[in-house]
Amino acid sequence: MSDLASAAVEQVYREHRTRMLAALVRALGDFELAEDALQEACSQALRKWPRAQVPDDPFAWLLTVARNHALDRLRHVRMARAKLPAPPPDAVTMTEKQLVSLGDERLSLIFTCCHPALNEEARVALTLQAVAGFTAAQIARTFLVAEPALAQRLVRAKRKIRDAGITFEVPADHLLPERLQGVLAVIYLIFTRGYTASDASLRLEALRLGKLVAALMPDEPEAHGLVALMLLHNSRSAARLSSDGEVVLLADQDRTLWDLEEISEGMTLLDRALRFGSPGPYVLHAVIAALHVQDPVDWPRVVALYAELLSVAPTPVIELNHAVAVAMVDGPLAGLSLIDGITGLSEYHLLHSTRADLLRRLGRRDEAVAAYRLAHDLAVSPADRRFLAGRLRSVEVT
Amino acid sequence: MHYMFLIYNCEDRPKPGDPRFEEILTRVNAFADECRRRGVFVAGDPLKPVSTATTVRVREGKAMLTDGPFAETHEHLGGYYLLDCRDLDEALELAEMVPQAHFGATIEVRPVDHIPGLNHGVA
Chain A
1 MSDLASAAVE QVYREHRTRM LAALVRALGD FELAEDALQE ACSQALRKWP
51 RAQVPDDPFA WLLTVARNHA LDRLRHVRMA RAKLPAPPPD AVTMTEKQLV
101 SLGDERLSLI FTCCHPALNE EARVALTLQA VAGFTAAQIA RTFLVAEPAL
151 AQRLVRAKRK IRDAGITFEV PADHLLPERL QGVLAVIYLI FTRGYTASDA
201 SLRLEALRLG KLVAALMPDE PEAHGLVALM LLHNSRSAAR LSSDGEVVLL
251 ADQDRTLWDL EEISEGMTLL DRALRFGSPG PYVLHAVIAA LHVQDPVDWP
301 RVVALYAELL SVAPTPVIEL NHAVAVAMVD GPLAGLSLID GITGLSEYHL
351 LHSTRADLLR RLGRRDEAVA AYRLAHDLAV SPADRRFLAG RLRSVEVT
Chain B
1 MHYMFLIYNC EDRPKPGDPR FEEILTRVNA FADECRRRGV FVAGDPLKPV
51 STATTVRVRE GKAMLTDGPF AETHEHLGGY YLLDCRDLDE ALELAEMVPQ
101 AHFGATIEVR PVDHIPGLNH GVA
C-alpha cells in the first residue's frame, strides 16, 4: 500500500507537475510560494495516502492542499507583520472546483519564464526549472555555473516577476509575435546547449518544450518550424561525432546513422508550417536544415534561403552561413569576400575555420594555417579543438 | 501598480528658441496626453542639470554638503515620470514611447514599493 501510494504521488507529480505549478502561480501570483506549496502538498500526500486511500482525483487533491497551505502561510505572515497587503484575491475567493478546473496555464507559465524583462540566463534557467522540472543542481551542471549562483539567479528572477508586476499570462495580441520569438529563442538556446555539450537529454527536453508550445499554439507556424528544425538537427546527432568522439562533417557522415523517423516527423511539421505562408526565421531555418538532409544538397536554394533570412532577421552568424553556401555555388573566392565583410564574429571559431578552409582551397597555404590556428585557439569543445588541430596539421604538411 | 520612469542622459534638451524645441515639446506633450488618455498619468517633470545639484549626507548628526550629484557617472538623472500601469508590460510599452528615449535617453523602469504603515505612499 505504501509503495502504491508513493508511486501514485510520483506519477501525478511527473505527469502534471507543470500544470499544477502553473495553476498555483496563477492563483497565488507568486512563483516561490507556489513551488513551496506544491512541495508541501506532495510531502503531505506521501505521509497521508499510505494510511488512508489514494484520493479519486489525486491532481485535485494536491492542488487544493497546496493552495490551502499557501493561504495559511500568507495569513501567518500577515499576522506576524500587521497590515501586509492582503493575499491575492484569486487565491482567496477561488473555490476548490474553480481551482482544479483552471484552464491549462502552462502557456502562461512559459511566457512568464521567458519575459524579456528577465535576462537571458534567467529565462533559460527558469524555463528549465519551472516548465521542464529540472533541479537547480541539474541546471548548474548543464551551464557550468556554481549551484549557489544559479539558485540565486532563480530566486532573483522569481522575485522580480512578483515584485515588478510581470503578469502571469499569454501576452496581448500586439505583443505576441515578438514575445513568441523570445520563447522560441529560449527553447532553441536549450537545444543548442544540448548540441554543443553533446547532451542528448537536454536536446530531448528542448524538443519536449517545443512540442508543448506547438501543441498549445497550433496556429503559430514558427512554433512548428522550431520543432521541425530541432528534429532535423537532432536526426543527425548520432552521425555528427565518430565513435571516438571526433567531429564528422556533413558530407562525410554515415547516413545510415541518421534517424529517419525524426527526419520524417520534422518534414511533416515543416510542411504544415509552410502552408501558413510568409515563413518566419525558424521555418526558414528548418527548410535549410531539410535541404541539408537531401543528397545532393541543393546549394543554390540554400543560398536563396539564407538571403531571405538575412532580410527578415539578419545576424552575423546567418551572414557566415550564407557565405558558406555561396562558396559551394560560386566558389571559395566568392565566399571568402563575403566572410571578410562580416563584423562582430572575430571571436567565433567557426568564422576562422571556414575562412581557413576556403583559403586552403584557394591554395593560400600560409593564410590558411594562420586561420586554422586562430580557430583552434578560439574553439571551446574538445572535439572541435581536436578536429581543428588535425586540419592544421594536414595543411602544414602539404 | 505605480512605476517610476527614471530618465537618464537627457540633459542636452533644447531650449525655447532652439530649432528643435517646438518639435520635441509637441512630442513630449503628446506622450503626456497619451498617458492621460489611458488614465495612467500621475506625475512627470524634467530636472535642472546636475551642475545645480547639491548632495546632502548626514554623518554623526552633521550635514555634509557636496556641490554636485551623488554619483560621478556620465549618465545623469534628467527627469522622471510616475505612471500607474496595469502591469510591467504596459509600463515597458509606455517606456518605449517616451520621446526622450528616441533622442538618446535611457529609461530605467522601477516599480514603486508598498510599505505597510507608510502614510504618504502614492500607491
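For the record, the sequence lines run as chains A and B.
Oh and the first sequence: position 2 is 2 in full-length UniProt numbering, straight run, nothing missing.
Oh and the second sequence: position 84 is 84 in full-length UniProt numbering, straight run, nothing missing.
Just so it is clear, CB atoms sit at the ideal spot from N, CA and C, and this is done for glycine as well.
For residue i and residue j, I'd like the C-alpha separation in whole angstroms.
| i | j | result |
| --- | --- | --- |
| residue 371 of chain A | residue 19 of chain A | 51 Å |
| residue 334 of chain A | residue 315 of chain A | 19 Å |
| residue 18 of chain B | residue 11 of chain B | 15 Å |
| residue 107 of chain A | residue 130 of chain A | 12 Å |
| residue 386 of chain A | residue 235 of chain A | 24 Å |
| residue 89 of chain B | residue 396 of chain A | 57 Å |
| residue 329 of chain A | residue 143 of chain A | 38 Å |
| residue 114 of chain B | residue 183 of chain A | 31 Å |
| residue 202 of chain A | residue 139 of chain A | 10 Å |
| residue 116 of chain B | residue 223 of chain A | 44 Å |
| residue 9 of chain B | residue 345 of chain A | 30 Å |
| residue 36 of chain A | residue 209 of chain A | 23 Å |
| residue 325 of chain A | residue 354 of chain A | 11 Å |
| residue 103 of chain B | residue 311 of chain A | 27 Å |
| residue 378 of chain A | residue 392 of chain A | 14 Å |
| residue 126 of chain A | residue 113 of chain A | 6 Å |
| residue 71 of chain B | residue 106 of chain B | 16 Å |
| residue 75 of chain A | residue 69 of chain A | 10 Å |
| residue 296 of chain A | residue 229 of chain A | 19 Å |
| residue 1 of chain A | residue 56 of chain A | Confidence in residue 1 of chain A is poor, its pLDDT being 49 and thus under 50, which makes the residue's placement unreliable; the coordinate value appears in the next sentence. If I take the Cα positions, the gap works out to 15 Å. |
| residue 253 of chain A | residue 240 of chain A | 7 Å |
| residue 195 of chain A | residue 350 of chain A | 15 Å |
| residue 123 of chain B | residue 313 of chain A | Low confidence applies to residue 123 of chain B: its pLDDT is 47, below 50, so where it sits in the model is not reliable, and the reading given next is rough at best. Taking the straight line from one Cα to the other gives about 41 Å. |
| residue 156 of chain A | residue 146 of chain A | 16 Å |
| residue 340 of chain A | residue 356 of chain A | 12 Å |
| residue 60 of chain A | residue 33 of chain A | 18 Å |
| residue 204 of chain A | residue 191 of chain A | 8 Å |
Going by C-alpha to C-alpha distance, which of the options sits closest to residue i?
| i | options | result |
| --- | --- | --- |
| residue 48 of chain A | A/154, A/8, A/33 and A/67 | A/8 |
| residue 40 of chain A | A/54, A/25, A/15 and A/67 | A/67 |
| residue 51 of chain A | A/5, A/302 and A/276 | A/5 |
| residue 331 of chain A | A/350, A/318 and A/299 | A/299 |
| residue 348 of chain A | A/279, A/275 and A/319 | A/319 |
| residue 2 of chain B | B/109, B/28 and B/25 | B/109 |
| residue 262 of chain A | A/238, A/337, A/170 and A/280 | A/238 |
| residue 10 of chain A | A/43, A/23 and A/34 | A/43 |
| residue 343 of chain A | A/317, A/366, A/257 and A/193 | A/317 |
| residue 265 of chain A | A/290, A/162 and A/368 | A/290 |
| residue 175 of chain A | B/66, B/119 and B/92 | B/92 |
Assign residue i to one of three DSSP states: helix, strand, or coil.
| i | result |
| --- | --- |
| residue 97 of chain B | helix |
| residue 77 of chain A | helix |
| residue 108 of chain B | strand |
| residue 355 of chain A | helix |
| residue 15 of chain B | coil |
| residue 45 of chain B | strand |
| residue 392 of chain A | helix |
| residue 77 of chain B | strand |
| residue 5 of chain B | strand |
| residue 65 of chain B | strand |
| residue 51 of chain A | coil |
| residue 123 of chain A | helix |
| residue 59 of chain B | strand |
| residue 84 of chain B | strand |
| residue 345 of chain A | coil |
| residue 336 of chain A | helix |
How many whole angstroms separate the CB atoms of residue i and residue j, which I take to be in contact at a CB cut-off of 8 Å?
| i | j | result |
| --- | --- | --- |
| residue 375 of chain A | residue 352 of chain A | 4 Å |
| residue 87 of chain B | residue 165 of chain A | 5 Å |
| residue 283 of chain A | residue 186 of chain A | So it is not a contact: roughly 18 Å between Cβ atoms. |
| residue 109 of chain A | residue 25 of chain A | 6 Å |
When you measure from the CB of residue i to every non-hydrogen atom of the ligand HEM, does any distance come out below 7 Å?
| i | result |
| --- | --- |
| residue 280 of chain A | Looking at this structure, you won't find the ligand HEM or any other ligand, since it has none at all. |
Segment contact flag, the stretch 240-247 of chain A with the stretch 294-309 of chain A, C-beta cutoff 8 Å, min 3 pairs: In short, these stretches do not touch, since the Cβ pair count stays below three.
Inter-stretch contact (C-beta, 8 Å, three-pair minimum) for the stretch 88-105 of chain B and the stretch 32-51 of chain B: The answer is yes - the stretch 32-51 of chain B touches the stretch 88-105 of chain B, with three or more Cβ pairs under 8 Å.
Meets three-Cβ-pair contact criterion under 8 Å: the stretch 39-46 of chain B and the stretch 71-79 of chain B: Yes, they touch.
Meets three-Cβ-pair contact criterion under 8 Å: the stretch 223-233 of chain A and the stretch 269-279 of chain A: Verdict: yes, contact present.
At least three beta-carbon pairs within less than 8 Å, the stretch 283-302 of chain A to the stretch 251-269 of chain A: Using a C-beta cut-off of 8 Å, the stretch 283-302 of chain A makes contact with the stretch 251-269 of chain A, since at least three inter-stretch Cβ pairs fall below that distance.
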